[in-house]
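S.K.: Can you keep this structure in mind? I'll have questions shortly.
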Amino acid sequence: MSSLEKLQKAKSLTDLAKLLGFTPKGVSYVLYKMDAAKKYRSFDIPKKSGGVRTIHAPEPQLALLQTRLAELLYACVHEKKKTDRRFWFASHGFHQGRTIVSNAEVHRRRRFVFNLDLENFFGTINFGRVRGFFIHDSMFSLEPKVATIIAQIACHDNALPQGSPCSPVISNLIGNILDSRLLALARDARCTYTRYADDLTFSTNEKLFPTEIAVNVHGADWEVGKKLRKEIEKSGFFINPAKTRMSLRRSRQTVTGLVVNEKANINQDYYRAARAMCNSLFQTGFYFKPGDDPADATDNLNPLEGTLSHIYFVKARRDRKPRVNKLARAAGEFNPPRAPEDLYRKFLFYKYFAAPKAPLIVTEGISDITYLQCAIRALVKKFPLLGKEEDGKVIRLVHFLKPTGTSRDILNLGHGAAGQASLISSYTNNLKNYAHKPMANPVIILCDNDDGPKTVFKNAEKKGGTKITTTTIDPFYYLGENLYLVKVPEGATPHPREIEELFQPALLATKLNGKSFDPKKDHGDDTHYGKVAFAESVVRANASTVDFSGFEKLLERIEAVLKHYAALLAAPAAPAAAPAAPAAGTATP
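Okay, here's the thing in structure tokens:
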């Protein structure tokens, strides 16, 4: 039975909860028992065009519920697209395979490009509209009670909140009604139409732009055509009059922020501004947007990271799928410009290693992160430097560098021990890129005590000056600057040991769907399951009952690093100026 059929058969909260992987009691608690004032955390972020955007971030339990709802609805959408290829045809925002680049590419080399924005896009989609859509839409036709619960999960203050995991998919479902009408209008007017969230674009190579869509009232001033305005308002949306613009072929044409005269690309002024902000950050620790008051300079890295991520995606990835991108590079068919990638790399190195906001742990893989997160949560009272309890929740005081496509492609991390070895060998040279490098917190390379990280040990020896093997038993190894190496504890009698061996044998023997755990599982092995499944489906899923006592020695080593580095910072000489020795963890500053 398809996801859509299961959703259509749901009659009650119990049925919907089951589809979302929740207990009925869990859904009821989040929706009806939880303090409404604590469901969302609100904050403002600056808009590129000026002003601020208010984000309503759901608390973790509600966020998980909304994420599960989004996953269910996306599954329904994917099923629909298999039978109707034109479903969501015009929309390029918030779904797989569509991006700002794909949205812009459609409008390349056009005589006219007309853009307009919808006003308060998420805010106009209220509770009644969400509920009514799921009841009356021919694709869903849900039970009213189920539609009501979906609207309760999705809405906040009678609107779809920006910051909710399910707002994008629901806004696209409702926005698809508008898209159907505007596609028909565009077809009749011999135009191309696309939508990226609240940003609508029409383009054409006709000699005269169709008046149904826009009218030239005076000089360079254009107004939305009556027919287009009528269709938008008929669909329950409104036009933002301050964001209506027409671009002609002889001028710079932009679509969702990308220049499209020849190919979808970044505005050079935008890139130069990002480069200037990075230069300021690397020199002083602060930056401000060109044109802003220098007194308003900030050290908040999030806005600048968003800018650099956007530039890298457009200029270096060109909207390719990762595998296609990799093959194209290997064949010499795709050579992205180096400067944007190098700038992004410098920024990420600064963020994670030169100016970490908290102690940072760099593991071999993502499963190690899951183990440590769960162990810290279970043993938080014994390790106050690693976490604290607050309002019944455990707040971790250390961060992890999660392996992602970005960390792999840009920082060469996430490839196991090879990435860790590379980080160690290039660490000192990379730090030379920054005049401002506070290094207020340590960076910990965490690796197994086996033959896998041989190159890690070799590079660490070269940098720190101390012998490191599977039988050395130092609690940690100081490598200079703010960099440390910690091995998985060697055991009472030192021997090669992987992190999974810190769990009890009974847990390692857990069967999943009849399969046994093998940490060295190969692709194509159907009789075993691997580390990621063990981490998520065995350890995290049963974290409240798992025995984490085997991790105490490892957590002690991590705390020892924090104490050692705190002592270095308190010493007269700064760690950046200190010699690499002492290298072993038993040394004192």
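Just so you know, the sequence shown maps onto residues 1 to 589 in full-length UniProt numbering. Positions of the beta carbon are idealized from the N, C-alpha and C atoms, including for glycine.
1) Using 10 angstroms around the beta-carbon of A577, count the other beta-carbons present and answer buried if the total reaches 16, otherwise exposed.
2) Taking DSSP as the reference, what is the three-state secondary structure of Y352?
3) Could you have a look at V398 and say whether DSSP puts it in helix, strand or coil?
4) Short check: CB of A506 to CB of S516, under 9 Å?
5) Check this for me: beta carbons of G365 and G414, under 9 Å apart or not?
6) Around the C-beta of N300, are 16 or more other C-beta atoms found within 10 angstroms, so that it is buried, or is it exposed?
7) From the DSSP output, in three-state form, read off P340 for me.
8) To which residues does DSSP link C447 through a beta bridge?
9) Please list the terminal residues of the continuous alpha helix (DSSP H) segment that includes G405.
10) If you draw a straight line from the alpha carbon of Y40 to that of P210, how long is it in whole angstroms?
11) For the stretch 526-539 against the stretch 353-370, do three or more pairs of beta-carbon atoms, one drawn from each stretch, fall closer than 8 Å, so that the two count as touching?
12) From Y350 to P337, what distance separates their C-alpha atoms?
13) With which residues is I239 paired in a DSSP beta bridge?
14) Measure from the alpha carbon of W222 to the alpha carbon of each residue in P241, I232, S309, S235, then state which is nearest.
15) Assign L16 to one of three DSSP states: helix, strand, or coil.
16) With DSSP run on the structure shown, which of helix, strand or coil describes M277?
17) Let me know if A10 comes out buried or exposed under the rule of 16 or more other beta-carbons within 10 Å of its beta-carbon.
18) Starting from K515, follow its DSSP beta bridges and name the residues at the other end.
19) Please say whether A186 and Y193 have beta carbons closer to each other than 9 Å?
20) Report back the beta-carbon spacing between L554 and L502 to the nearest angstrom; my notes put them in contact at under 8 Å.
21) Buried or exposed: which applies to A70, given that a residue is buried once 16 or more other Cβ atoms fall within 10 Å of its Cβ?
22) Hey, I499 and V488: beta-carbon distance below 9 Å or not?
23) Is any non-hydrogen atom of the ligand MG found closer than 8 Å to the C-beta of L401, if you look at the structure I gave you?
24) Using DSSP bridges, identify the partner residues of W222.
25) State the beta-bridge partners of L248 as determined by DSSP.
26) In the structure shown, what three-state DSSP assignment does E390 receive?
27) Beta strand (DSSP E) containing Y312: first to last residue?
28) Might you give, ordered along the chain, the residues of its own chain that have their beta carbon closer than 7 Å to the beta carbon of A297, omitting 5 neighbours on each side?
29) Starting from the C-beta of A154, find all residues in its chain whose C-beta is less than 8 Å away, skip the five residues before and the five after it, and write them out in chain order.
30) In or out: H495 buried (at least 16 other Cβ within 10 Å) or exposed?
31) Where does T194 fall in DSSP's three states?
32) For I311, count the other beta carbons within 10 Å of its own beta carbon; 16 or more makes it buried, fewer makes it exposed. Which is it?
33) Please state if the CB of R245 and the CB of R110 are separated by a distance shorter than 9 Å.
34) Excluding the 5 residues flanking C76 on each side, which residues of the same chain have their C-beta closer than 7 Å to its C-beta?
35) Please classify F534: does DSSP put it in a helix, a strand, or coil?
M.R.: Inspection of the coordinates gives the following:
1) In this predicted model, A577 has a pLDDT of only 46, less than 50, meaning its place in the structure is not dependable; the value taken from the coordinates is given anyway. Residue burial is scored here from C-beta neighbours: A577 has fewer than 16 other C-beta atoms within 10 angstroms and is therefore classed as exposed.
2) In the three-state scheme derived from DSSP, where H, G and I count as helix and E and B as strand, Y352 is classed as helix.
3) It is coil, neither helix nor strand.
4) Their beta carbons are not under 9 Å apart, which means A506 does not touch S516 by this criterion.
5) In this structure, G365 sits near G414, with a CB-CB distance shorter than 9 Å.
6) Of the other Cβ atoms in all chains shown, fewer than 16 fall within 10 Å of the Cβ of N300; this residue is therefore exposed.
7) Correct three-state label for P340: helix.
8) DSSP, once it has assigned bridges, lists K487 as partnering C447.
9) Segment 405-411, the alpha helix (DSSP H) holding G405.
10) As the crow flies, the alpha-carbon of Y40 is around 45 Å from that of P210.
11) Because the criterion of three Cβ pairs below 8 Å is met, the stretch 526-539 and the stretch 353-370 touch.
12) Y350 and P337: Cα-Cα distance of roughly 21 Å.
13) Paired residues: L118.
14) Comparing Cα-Cα distances from W222 to each of P241, I232, S309, S235, the minimum goes to P241.
15) Helix at L16.
16) Of the three classes helix, strand and coil, the one that applies to M277 here is helix, per DSSP.
17) Buried, since its Cβ has 16 or more Cβ neighbours within 10 Å.
18) Beta-bridge annotation (DSSP): K515 is paired with L512.
19) In contact: Y193 and A186 (Cβ atoms closer than 9 Å).
20) About 7 Å separates the beta carbon of L554 from that of L502, a gap short enough to meet the 8 Å contact definition.
21) Taking all protein chains in view, the Cβ of A70 is crowded by 16 or more other Cβ atoms within 10 Å, so the residue is classified as buried.
22) A Cβ-Cβ contact shorter than 9 Å links I499 with V488.
23) Although the ligand MG was asked about, the structure shown includes no ligands whatsoever.
24) Its beta-bridge partners are N216.
25) Paired residue(s): F112.
26) Assignment of E390 by DSSP, reduced to helix, strand and coil, places it in the strand class.
27) Per DSSP, Y312 lies in no beta strand (DSSP E) segment; the continuous alpha helix (DSSP H) that holds it begins and ends at 301-312.
28) F286, Y287, F288.
29) Within the same chain, A154 has close Cβ partners Q66, L69, V130, L160, S164, C166, S167, I170.
30) The residue is exposed, with fewer than 16 neighbouring Cβ atoms inside 10 Å.
31) Reduced to three states, the DSSP call for T194 is strand.
32) So I311 counts as buried.
33) Between R110 and R245, the C-beta gap is not smaller than 9 Å, which leaves the two residues out of contact.
34) Only residues of its own chain outside the window of five on either side were considered, and among them S3, L4, L7 have a CB closer than 7 Å to the CB of C76, listed in chain order.
35) If DSSP states are grouped into helix, strand and coil, F534 belongs with the helices.
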